[in-house]
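S.K.: There's a structure below that I have some questions on.
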Amino acid sequence: MKQFLLQFPLLAMTILPGAAQPASKHFAKPAGPASEPVYLSESALPKDWPAPGPFNQVTRKEYPAYRAAFTPSSSPNGGFWTLFKHIKRNGIPMTSPVEMTLKDESGGGMKMERMGFLYQSPEVGKSGADGEAVNVRDVPALSVLGYTWQGPRGEVEVAKARAAIDAVLAEKKLKVAGYRLFGYNSPSVPRTKQTYELQAILK
Numbered sequence: 013m014k015q016f017l018l019q020f021p022l023l024a025m026t027i028l029p030g031a032a033q034p035a036s037k038h039f040a041k042p043a044g045p046a047s048e049p050v051y052l053s054e055s056a057l058p059k060d061w062p063a064p065g066p067f068n069q070v071t072r073k074e075y076p077a078y079r080a081a082f083t084p085s086s087s088p089n090g091g092f093w094t095l096f097k098h099i100k101r102n103g104i105p106m107t108s109p110v111e112m113t114l115k116d117e118s119g120g121g122m123k124m125e126r127m128g129f130l131y132q133s134p135e136v137g138k139s140g141a142d143g144e145a146v147n148v149r150d151v152p153a154l155s156v157l158g159y160t161w162q163g164p165r166g167e168v169e170v171a172k173a174r175a176a177i178d179a180v181l182a183e184k185k186l187k188v189a190g191y192r193l194f195g196y197n198s199p200s201v202p203r204t205k206q207t208y209e210l211q212a213i214l215k
């Protein structure tokens, strides 16, 4: 864990220019590699949180209500350190994944506007502001369409995930409240084994 915490800030720099699973519904499964990817866990997921995946397909998933500390940031590295100081100061255990709220840009890409550290459960810590930069919020249960992949995180990979999700959104005539990106691994995991998940939050 110590090594993970020391190396995890590098994850934030690489993500953007950044228990049992509940029932899920599979919509589309593009051709994938011959060997099935396997999620490499480095830190605990929040209570009742679904594991990432299935890989390389669009899946509808249900998430329980959860508590998380958020900070506005367009800089993953700056956002990480703000939140890391918050959980260290308040004795909050580190979990995985790191959550990044994304917004569409005029050029067609997506940019991070907020980063979040997930608490172990809604019973851990307390909601409310922690100084001017951090706000701890209780997020209600929600439904998403997600696309999980393993390997490098770059504009090509994110665009591929977004295109797959948007195709299902159009097919099913679903409306979106926003997008978020989860980063599950630190740089101590080889890039080809790192797990990411792009999600469209459904209205």
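Under our numbering, the residues of the sequence shown are numbered 13 to 215, in order. C-beta: ideal position from N, C-alpha, C; glycine also.
According to DSSP, what are the bridge partners of K73?
M.R.: Working through the sequence shown from its first residue, we reach residue 73 at position 61. For K73, which the question treats as bridged, DSSP gives the partners V156.
S.K.: Shortest alpha-carbon distance to R174 belongs to which of A153, P202, Y208, R203?
M.R.: Here residue 174 is taken as the residue at index 162 of the sequence shown, counted from 1. Residue Y208 is the option with its Cα nearest to R174.
S.K.: Using only CA atoms, which one of F96, S139, K187 lies nearest to M127?
M.R.: Within the sequence shown, numbered from 1, the residue matching residue 127 stands at position 115. Checked all of F96, S139, K187; the closest Cα to M127 is F96.
S.K.: What are the boundary residues of the alpha helix (DSSP H) that includes A175?
M.R.: Within the sequence shown, residue 175 is the residue found at index 163, counting from 1. Run containing A175: 167-184, per the alpha helix (DSSP H) assignment.
S.K.: Classify W93 as helix, strand or coil using the three-state DSSP reduction.
M.R.: Here residue 93 refers to the residue found at position 81 when the sequence shown is read from its first residue. Here W93 sits in helix by DSSP.
S.K.: Tell me the residue span of the beta strand (DSSP E) that contains P84.
M.R.: Residue mapping note: residue 84 aligns to position 72 of the sequence shown, counting from 1. 78-84 is the span of the beta strand (DSSP E), which, as asked, contains P84.
S.K.: How many angstroms separate the CA atom of L181 from the CA atom of K187?
M.R.: Within the sequence shown, residue 181 is the residue found at index 169, counting from 1. Within the sequence shown, residue 187 is the residue found at index 175, counting from 1. Answer to the nearest angstrom: the Cα atoms are 7 Å apart.
S.K.: So the candidates are P62, P58, E54, S55; which of them puts its Cα closest to the Cα of T160?
M.R.: If you number the sequence shown from 1, residue 160 lands on position 148. If we check each option's Cα against that of T160, P62 comes out closest.
S.K.: Use the C-beta contact count for P49: other C-beta atoms within 10 angstroms, 16 or more gives buried, fewer gives exposed.
M.R.: Counting from one through the sequence shown, the residue named residue 49 turns up at place 37. Buried is the call here.
S.K.: Here's a check: name, in chain order, each residue in its chain whose Cβ is nearer than 6 Å to the Cβ of D142, leaving out the five neighbours to either side.
M.R.: Locating residue 142 in the sequence shown gives position 130, where the first residue counts as 1. Closer than 6 Å at the Cβ level, and outside the excluded window around D142, lie H98.
S.K.: Report the three-state DSSP secondary structure of I213 (helix, strand or coil).
M.R.: Taking the sequence shown and counting its residues from 1, the one referred to as residue 213 is at position 201. Strand, per DSSP.
S.K.: Starting from Y196, trace the beta strand (DSSP E) in both directions and tell me its first and last residue.
M.R.: To locate residue 196, count along the sequence shown from 1; it is residue 184. It is not in any beta strand (DSSP E) - Y196 carries neither H nor E in the DSSP assignment.
S.K.: Would you mind working out which of Y51, P76, D60 sits nearest S155, comparing C-alpha positions?
M.R.: Stepping through the sequence shown from its first residue, residue 155 is reached at position 143. Among Y51, P76, D60, the Cα nearest to that of S155 is on P76.
S.K.: CA-CA distance, K59 and R79?
M.R.: As a first step, residue 59 is located in the sequence shown; it is residue number 47 there, counting from the start. As a first step, residue 79 is located in the sequence shown; it is residue number 67 there, counting from the start. Distance between the alpha carbons of K59 and R79 is about 10 Å.
S.K.: Can you give me the C-alpha to C-alpha distance between Y196 and S108, rounded to a whole angstrom?
M.R.: Residue mapping note: residue 196 aligns to position 184 of the sequence shown, counting from 1. Residue mapping note: residue 108 aligns to position 96 of the sequence shown, counting from 1. Going from the Cα of Y196 to the Cα of S108 covers about 6 Å.
S.K.: Identify the continuous beta strand (DSSP E) that holds G128 and give its terminal residues.
M.R.: Counted from its first residue, the sequence shown places residue 128 at position 116. First-last of the beta strand (DSSP E) with G128: 122-130.
S.K.: Among R203, T83, S200, K184, whose alpha-carbon lies nearest the alpha-carbon of V70?
M.R.: The sequence position of residue 70 within the sequence shown is 58, counting from 1. Of the listed residues, the one whose Cα sits closest to V70 is K184.
S.K.: If I follow the unbroken beta strand (DSSP E) through T113, where does it start and stop?
M.R.: Indexing the sequence shown from 1 puts residue 113 at position 101. Run containing T113: 110-116, per the beta strand (DSSP E) assignment.
S.K.: Nearest to E117 by CA position, among G190, K215, P199, E144, is which residue?
M.R.: As a first step, residue 117 must be located in the sequence shown, where it is residue number 105. The candidate whose alpha carbon is nearest that of E117 is G190.
S.K.: Exposed or buried, V168, counting other C-beta atoms within 10 Å across all chains shown (16 or more means buried)?
M.R.: Taking the sequence shown and counting its residues from 1, one reaches residue 168 at position 156. With fewer than 16 other Cβ atoms within 10 Å, it is exposed.
S.K.: The beta strand (DSSP E) with D142 in it runs from where to where?
M.R.: For the purposes of this step, residue 142 is taken as residue 130 along the sequence shown, with counting starting at 1. From DSSP, the beta strand (DSSP E) with D142 extends over 140-142.
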